[in-house]
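No gaps in the numbering here: position 41 of the sequence shown is 41 in the numbering used here, and each next residue is one more. The next block holds one structure in the form of structure tokens; read it before the comments.
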Amino acid sequence: DEFTHEEWVQLLKKTLEGGEEENITKLFEQYLTQYVNDGEQWVEYIKWMMKGDDVEKMDKKRIESSFFKVLTKVYNVKLWRLYLHYVELINPITPDNGEKARNIVLKAYNFAIETVGHDFFSSNEIWGDYLKYLYVWQAVNPNEASTREDLIRKALKNMISYPSLNLEENWKIFTKFETDLNLNKSRKVISDCKNDYLKLKGLNNEVIGLTKSIKKVDERKHSLRQIRRWNSWINWEKENKLKLTEEEANKRINYVYNLSIQYCYLMPEAWFNFSNYLVVERNNAKLGLEVLKDGIKVNPYSLILRYQLSNHYEGANDLEKIKETWLDLIRRVENSAKKDDRLITYCYSILMRVVKRISNIKEIRMIFKLARQFKGITWNIFYQYAMIEYYNNEIKIANRTFALGMQYFSTEISFVQKYLQFLIDIKDMTNFKKTIELS
Numbered sequence: 001d002e003f004t005h006e007e008w009v010q011l012l013k014k015t016l017e018g019g020e021e022e023n024i025t026k027l028f029e030q031y032l033t034q035y036v037n038d039g040e041q042w043v044e045y046i047k048w049m050m051k052g053d054d055v056e057k058m059d060k061k062r063i064e065s066s067f068f069k070v071l072t073k074v075y076n077v078k079l080w081r082l083y084l085h086y087v088e089l090i091n092p093i094t095p096d097n098g099e100k101a102r103n104i105v106l107k108a109y110n111f112a113i114e115t116v117g118h119d120f121f122s123s124n125e126i127w128g129d130y131l132k133y134l135y136v137w138q139a140v141n142p143n144e145a146s147t148r149e150d151l152i153r154k155a156l157k158n159m160i161s162y163p164s165l166n167l168e169e170n171w172k173i174f175t176k177f178e179t180d181l182n183l184n185k186s187r188k189v190i191s192d193c194k195n196d197y198l199k200l201k202g203l204n205n206e207v208i209g210l211t212k213s214i215k216k217v218d219e220r221k222h223s224l225r226q227i228r229r230w231n232s233w234i235n236w237e238k239e240n241k242l243k244l245t246e247e248e249a250n251k252r253i254n255y256v257y258n259l260s261i262q263y264c265y266l267m268p269e270a271w272f273n274f275s276n277y278l279v280v281e282r283n284n285a286k287l288g289l290e291v292l293k294d295g296i297k298v299n300p301y302s303l304i305l306r307y308q309l310s311n312h313y314e315g316a317n318d319l320e321k322i323k324e325t326w327l328d329l330i331r332r333v334e335n336s337a338k339k340d341d342r343l344i345t346y347c348y349s350i351l352m353r354v355v356k357r358i359s360n361i362k363e364i365r366m367i368f369k370l371a372r373q374f375k376g377i378t379w380n381i382f383y384q385y386a387m388i389e390y391y392n393n394e395i396k397i398a399n400r401t402f403a404l405g406m407q408y409f410s411t412e413i414s415f416v417q418k419y420l421q422f423l424i425d426i427k428d429m430t431n432f433k434k435t436i437e438l439s
């Protein structure tokens, strides 16, 4: 059975409370196959795997496999913090391997900072964990002390180098660190950084203005307004007011797009926009297709995403994938609580038109035969198929199709009118008169 997102979340919560491992695994795997970019539920699932931080009871291979599957795909700070927490747990500082363990943890932090360290909303949580780790580092020699100090300074400078909700607070932390370390030297260090900080502060206020009304949307109501807000932010990033290199600017744009499909995951437009950006502006059809497929998993009834996927397969001349794209939607609608006859007919109509462009009449006839098996099919499919046969110079088949349609839709004025126009076009006055009499 298909659950709404809200029903899924409640079910997962109850299952976790129940504590039955088989059920927890089954339901989370099923849910995360569909909602692959739900960082919050990935956190819940992996936290459960971590057995209350009991390293001896953990299935490390399973945990690491889950992190590997999702980390670089979902820019969720909570998820990344959990990853760093896990790395710290399995690499404790001990007298015999302190340096090795610390290097592994620092490497993990660098990985996290490189990926989500410039998150506008939540990056301070990552930086806070990182600084805490550095502050508790008990240096055993001057070299370690110097390395530790350099890493802290580098982190604090990084924290004032990009737009952030906490930019002003980060500046205060940076200046306090320098003055506490050496009051005399701090004046020059702070002075050297201040001009860049003030420039960034003005731009940061622009981003605050663009993002102040952004929120996560768990329903489609009012979500178009959210899409417009995300588009405004994305367009701001594309202007590159931060004067970044092309690579850095593209990284930020990609990040904001990725955030948009997490905050607006129930809005097909967000997925469409991200996929289209990757294909058109970044020339990355492979990743664009991946985003599109993930979007359809979350929004399986979305026509705009199905169109885009169908267009992709049409470009690749992949008939089977095109059929799979539309027939999957048709099956879902047929099996749903509210069968929409017009939508099913519409999908069959689209499928016939696409197949007409890339294949042959034999394939179209098979689709029409399949469409006729659906009891709720509307007259439109008979009309469209008849006209395809007509333009294929199969006038007799077209006429028979109209006649067949009349057996079901003789009271549908629109269909009768189209049939009469067809008979006029082919100058069949005999059947024209009969149809007038029957209708």
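Virtual Cβ for every residue (Gly too), placed ideally from N, Cα, C. Remember, predicted model here, so these are calculated numbers, not experimental data.
Query                                                                                                            : Result
Own chain, CB closer than 7 Å to residue 125, minus 5 neighbours either side, in chain order                     : 77 and 81
Neighbourhood of residue 330 by C-beta, 6 Å cutoff - its chain only, sequence neighbours within 5 removed        : 344 and 347
Exposure label - residue 302; buried when at least 16 CB within 10 Å                                             : buried
Simplified DSSP assignment, three categories, for residue 58                                                     : coil
Secondary structure of residue 242, DSSP reduced to three states                                                 : coil
Three-state secondary structure (DSSP) of residue 163                                                            : coil
Nearest-angstrom Cα separation, counted from residue 404 out to residue 8                                        : 45 Å
Stretch-stretch touch, CB-based, cutoff 8 Å, three pairs: the region 45 to 54 with the region 230 to 246         : no
Those runs of the alpha helix (DSSP H) which lie wholly inside the region 36 to 120 and span at least 4 residues : 39 to 49, 60 to 70, 77 to 90 and 98 to 116
Residue from 229, 281, 275 and 216 with nearest C-alpha to residue 265                                           : 216
Neighbourhood of residue 384 by C-beta, 7 Å cutoff - its chain only, sequence neighbours within 5 removed        : 349 and 352
Minimum C-alpha distance to residue 412 - residue among 435, 429, 396 and 398                                    : 435
Contiguous alpha helix (DSSP H) assignments of at least 4 residues, all confined to the region 139 to 198        : 142 to 159 and 167 to 181
Residue 402 beta carbon less than 9 Å from that of residue 432                                                   : no
Inside the region 344 to 383 only - alpha helix (DSSP H) runs reaching at least 4 residues                       : 361 to 372
Range covered by the alpha helix (DSSP H) that runs through residue 267                                          : Where residue 267 is concerned, there is no enclosing alpha helix (DSSP H), given that its DSSP letter is neither H nor E.
Near the ligand NAD: residue 96 beta-carbon under 8 Å from a heavy atom                                          : The ligand NAD is not part of the structure shown, which contains no ligands of any sort.
As assigned by DSSP and simplified to three states, the class of residue 279                                     : helix
Three-state secondary structure (DSSP) of residue 412                                                            : coil
The region 162 to 174 / the region 142 to 150 touching (three or more Cβ pairs under 8 Å)                        : no
Residue 79 and residue 127 closer than 9 Å at C-beta                                                             : no
Pairwise C-alpha distance: residue 117 and residue 211                                                           : 18 Å
Residue span of the alpha helix (DSSP H) that contains residue 286, given as start and end                       : 285 to 298
Among 259, 416 and 207, nearest to residue 240 - alpha-carbon criterion                                          : 207
Status (buried if at least 16 other CB within 10 Å, exposed otherwise) for residue 354                           : buried
Given residue 140 as reference, the closest of 107, 104 and 95 once Cα atoms are compared                        : 95
Meets three-Cβ-pair contact criterion under 8 Å: the region 257 to 273 and the region 27 to 41                   : yes
Assigned secondary structure, residue 123 (DSSP; H/G/I helix, E/B strand, else coil)                             : helix
Buried versus exposed call for residue 194 [16 or more other C-beta atoms within 10 Å across all chains shown]   : exposed
Cβ-Cβ distance between residue 300 and residue 252 below 9 Å                                                     : no
For residue 338, the three-state DSSP class (helix, strand or coil)                                              : coil
Selected residue, minimal CA-CA separation from residue 243, among 410, 415 and 199                              : 199
Cβ pair residue 130, residue 101 closer than 9 Å                                                                 : no
Three-state secondary structure assigned by DSSP to residue 428                                                  : coil
Option in 202, 371, 316 and 297 with minimal Cα separation from residue 327                                      : 371
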